[in-house]
Amino acid sequence: MTSRDDHYMRRAIELAARGHGGTSPNPVVGCVVVDPTGEIVGEGFHAYAGGPHAEIVALRQAGERARGATAYVTLEPCDHTGRTGPCTAALLQAGVARVVVAVPDPNPVAAGGAETLLRHGVTVDVGVLAAEAERVNEEWLTYMRARRPFVTWKFAATIDGRSAAADGTSKWITSPEARADVHRLRAASDAIVAGIGTVLADDPRLTVRTPEPRRTRPVLRVVVDSGARTPAGARVLDGEAPTLVAVADDADPPPHLGDAVRLPRADGGLDLRALLAELHRRQVVSVLLEGGPTLAGSFLREGLVDRVVGYLAPALLGAGSAALGPAGVTTIAERHRLEFEEVTRIGPDLKVVLRPSRKEGN
45 MTSRDDHYMR RAIELAARGH GGTSPNPVVG CVVVDPTGEI VGEGFHAYAG GPHAEIVALR
105 QAGERARGAT AYVTLEPCDH TGRTGPCTAA LLQAGVARVV VAVPDPNPVA AGGAETLLRH
165 GVTVDVGVLA AEAERVNEEW LTYMRARRPF VTWKFAATID GRSAAADGTS KWITSPEARA
225 DVHRLRAASD AIVAGIGTVL ADDPRLTVRT PEPRRTRPVL RVVVDSGART PAGARVLDGE
285 APTLVAVADD ADPPPHLGDA VRLPRADGGL DLRALLAELH RRQVVSVLLE GGPTLAGSFL
345 REGLVDRVVG YLAPALLGAG SAALGPAGVT TIAERHRLEF EEVTRIGPDL KVVLRPSRKE
405 GN
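Be aware that the sequence shown starts at 45, since it is given in the working numbering, and climbs by one per residue.
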């Protein structure tokens, strides 16, 4: 494996990223086909669930020039027949001589592609730019490996960490530009989760409002409501998008909550791991956790937040509701350690993207 392999795999990773928000419950995958002279003769990515896989798109573009070529794929080619045929068969039929894979497929149904290719005389190298390829596909890999959705906690606050003023007002803390970016986050997620406190206080719609609709299934709205208190007139029940209300197993949900899912209680609320297991069962790959501070604190306390996206307005309140509720921290040594990934200006606000730290002693 060489720096040339890195170059072509990096391009495949760029292509894979184009599938974000459209492929669920499938992974995002990119593929580049390179002929023996080093020329790229085919490129492709998986654009939507049920559509052609990245390898198929790239091989179609390459045509006869795929014979004797090298295919760079961000995820091990599938070796099963689902809504489409196995990519291993397509690669063999095209006469590809070598396949370079970034990440082995953790899905036991689809795995085994590398072995099949090797048995048929194709050279296979695995592990090129694996870390970068895992990051671009982290939602689906978490879904497969941890058996739960990938969770992003999003919040908006003043720079002193307030999400609402002392009188309870909270609209609008951040700018129209920041709010438009939130809708892009929503569009890239399979479900938006909010607590009953947010539903009662703000009556949010929790819908996606972007110029281009999602190409795949609509975003699921999820209300965490242990006591089954969601009112019949709540906008989250308006039918504009599917809604799931999660209640405690000892609650008595009224008829207007429809097919509310019953979950065990835990720590004064619902068992969040049971909630994520239910969403996983429904093929929810990624979750955007939006409201409110109590629910966010519970997710953090349970170690169930994979990414934090914060929108910080250049304003001070000095009092009012904090963006984050109790998160199991009593001393500084217990603080939830994060690492900055991105800090950007968005309109007059700052957007910060952080992840739980993997370093000791931060």
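Each residue gets a CB set at the ideal place from its N, CA and C atoms; glycine is no exception. Computed from a predicted model, the values in this text were never measured in an experiment.
Using a Cβ-Cβ distance cut-off of 8 Å, the stretch 223-233 and the stretch 358-373 are not in contact, since fewer than three pairs of beta carbons, one from each stretch, lie closer than that value. Sequence-distant Cβ neighbours of Glu183 in its own chain, meaning closer than 6 Å and more than five residues away, are Phe194, Val329, Ser330.
Cβ-Cβ distances below 8 Å link Arg55 to Gly74, Val76, Ile84, Glu87, Tyr116 in the same chain, with the five nearest sequence neighbours on each side left out; the list follows chain order. Arg142 is bridged by DSSP to Thr114, Thr167. Fully enclosed beta strand (DSSP E) runs of no fewer than 3 residues occupy 167-170, 194-202 of the stretch 145-204, in order along the chain.
Residue pairing from DSSP places Tyr355 in a beta bridge opposite Ala200, Lys395. The way I'd put it, the stretch 104-120 does touch the stretch 135-146; three or more beta-carbon pairs between them come closer than 8 Å.
Looking only at Tyr355, Gly239, Arg279, Asp350, the smallest Cα-Cα distance to Thr338 is reached by Gly239. Inclusion of Ile57 and Leu185 in the CB contact set at 8 Å is not warranted, their separation being larger than that value.
Listed in chain order, the beta strand (DSSP E) elements of length 3 or more contained wholly in the stretch 75-119 are 84-89, 114-119. Non-local C-beta neighbours of Phe384 in its own chain, meaning closer than 6 Å and more than five positions away in sequence, comprise Leu398, ordered along the chain.
Cβ neighbours of Arg206 within its own chain (closer than 6 Å, five residues either side excluded): Leu361, Gly364. If you draw a straight line from the Cα of Gly372 to the Cα of Gly312, it comes to about 13 Å. For Glu284, the three-state secondary structure derived from DSSP is coil. Between the alpha carbons of Arg189 and Leu316 lies a gap of roughly 18 Å. The stretch 321-348 contains, as complete beta strand (DSSP E) runs of 3+ residues, the segments 330-335 (chain order). For Arg306, the enclosing beta strand (DSSP E) has its first and last residue at 305-307. Cβ contact annotation for Asp169 (same chain, cutoff 8 Å, sequence separation greater than five): Met45, Asp49, Arg142, Val143, Val144, Val145, in chain order.
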